[in-house]
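Peer 1: Pasting in a structure now, in structure tokens, and then I'll have a few things to ask.
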Amino acid sequence: MSQHDRIAKPPKEASSDAEHPSLPEARTEAELLPAEVFGILGNDTRVAILRALLELGADEKPVRFTDLFNNVEMEDSANFSYHLRQLTGHFIKHGSAGYSFRYPGRKVVSAIFTGTLTERTQLGFFPASGYCYACDGNLHGWYVDDTLTIGCTECSTVQVSYPFPSGGLDDRSTDDLLQAFHHYVRHHYCLAADGVCPECTGAVESSLIHRPESDALDVAVEHLCQRCNYRLESAVGVTLLDHAGVLVFFANNGVDLNTAPFWHFDWCVSDRYTELVSADPVQVKLTLPCNGESIQVLVDADVSVVTVSTPSPIADSQ
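Residue 426 in our numbering sits at position 230 of the sequence shown, and the numbers go up by one each step.
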């Protein structure tokens, strides 16, 4: 098995540390090509070893070779050892006390044994809380192709559609499912807005996009991971869900944005309350209403909040 080592170059001079105090120390990473990863995991015995580690509690403490071998139920210990070696280093680690997961191995186990890679779950229409931003109609949800969607029962406008692992449906009522979905999606978008990729933890660049010809959003936010190219797009309002000024305003008006489903707020799923201030560079102003008051939030091209106004009364509360 080939490996490609990447070694960060050390500073040319010792004095450069003072000039760049935030630079990390040199490190070495063993990188596997995607084809190698699939080659390693494309074997029933190796998948069985990962399952055995999970069943034997490798999350809590290392598992001894003998216990692992007996759980997999192979007759040939030499053949078992070979497959174990193929996993060791990248997916599992070996110490004096036994074998345990490395992070990539634990992610693989989660994907395989929670249904992400093996199940094709579907869930028909069920009622969802809130009202359509386009026509005020009632909402319903459905789950198809590993994606949970919430749309209008009257005009069919989709409020939100986002990939959601099928394991999230287990042992949950539809109300509990929707609450879990809210936290999952909110967490992903807030992570991306904070510059962290929800898929690989790589650096994310965020920007406002002005597309007046779009049938969906005239102004949207694009989050793009610089490491894995994972891309998220949303209404501008979603990026404000964990902004301190916005949280305080809604809390003072009796609304907890941490728990209230984000699709309850038109400014999170549409650009109805978004005004284009400048096209080049793109800058927008959002008016966020709540229980008779509103605030205005000015957002720059890089999706940074410039200003948050003081609350002011509005004639028609939303």
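Ideal Cβ placement from N, Cα and C applies to all residues, glycine included.
Pull up the DSSP beta-bridge partners for Y385, would you.
Peer 2: Per DSSP, none; premise fails for Y385.
Peer 1: Quick one: residues in its chain with C-beta nearer than 7 Å to the C-beta of V465, no 5 flanking neighbours on either side, listed in chain order?
Peer 2: Excluding positions up to five away in sequence, the list reads Y329, Q355, V356, A431, W459.
Peer 1: When you compare only the Cα positions, how much space is there between L420 and H378?
Peer 2: Looking at the two C-alpha atoms, the distance is approximately 21 Å.
Peer 1: Please determine, among V304, W463, V478, the residue with the shortest C-alpha to C-alpha distance to S490.
Peer 2: Checking every option, the nearest Cα to that of S490 belongs to W463.
Peer 1: Tell me, please, which residues DSSP counts as bridged to Y358.
Peer 2: DSSP lists L344 as partners of Y358.
Peer 1: With a threshold of 16 other CB atoms inside 10 Å of the CB of S292, please say whether the residue is buried or exposed.
Peer 2: By the 10 Å Cβ count, S292 comes out exposed.
Peer 1: Can at least three beta-carbon pairs, one atom from the stretch 423-430 and one from the stretch 396-410, be found at a separation below 8 Å?
Peer 2: Touching, yes.
Peer 1: For the stretch 470-504, list the alpha helix (DSSP H) runs that are entirely contained and at least 4 residues long, ordered along the chain.
Peer 2: For the stretch 470-504, not a single whole alpha helix (DSSP H) run of length 4 or above is found.
Peer 1: Is the beta carbon of L249 closer than 8 Å to that of L264?
Peer 2: In contact: L264 and L249 (Cβ atoms closer than 8 Å).
Peer 1: Can you list, in chain order, the stretches of the beta strand (DSSP E) that have 3 or more residues and sit fully within the stretch 278-333?
Peer 2: As far as the stretch 278-333 is concerned, its whole beta strand (DSSP E) runs of at least 3 residues are 288-291, 294-297, 319-327.
Peer 1: Which residues in the same chain have their Cβ closer than 7 Å to the Cβ of R382, if we skip the five residues on either side of it in sequence?
Peer 2: Here the set comprises L437, F458.
Peer 1: Pick from T317, Y327, S352: whose alpha carbon is nearest that of Y339?
Peer 2: Of the listed residues, the one whose Cα sits closest to Y339 is T317.
Peer 1: Excluding the five sequence neighbours on either side, which residues of its own chain have a C-beta within less than 8 Å of the C-beta of D467, listed in chain order?
Peer 2: Only L413, D414, V415, A416, A431, V432 meet the Cβ criterion.
Peer 1: Counting Cβ pairs, one atom from each stretch, are 3 or more of them under 8 Å apart for the stretch 271-278 and the stretch 291-306?
Peer 2: The stretch 271-278 is not in contact with the stretch 291-306.
Peer 1: Would you list, in sequence order, the uninterrupted beta strand (DSSP E) runs of no fewer than 3 residues that lie entirely inside the stretch 378-457?
Peer 2: Listed in chain order, the complete beta strand (DSSP E) runs (minimum 3 residues) inside the stretch 378-457 are 400-406, 415-421, 427-430.
Peer 1: Which residue wins for smallest C-alpha separation from K257, given the options G450, T503, R281, H290?
Peer 2: Looking at the Cα atoms, H290 is the closest of the given residues.
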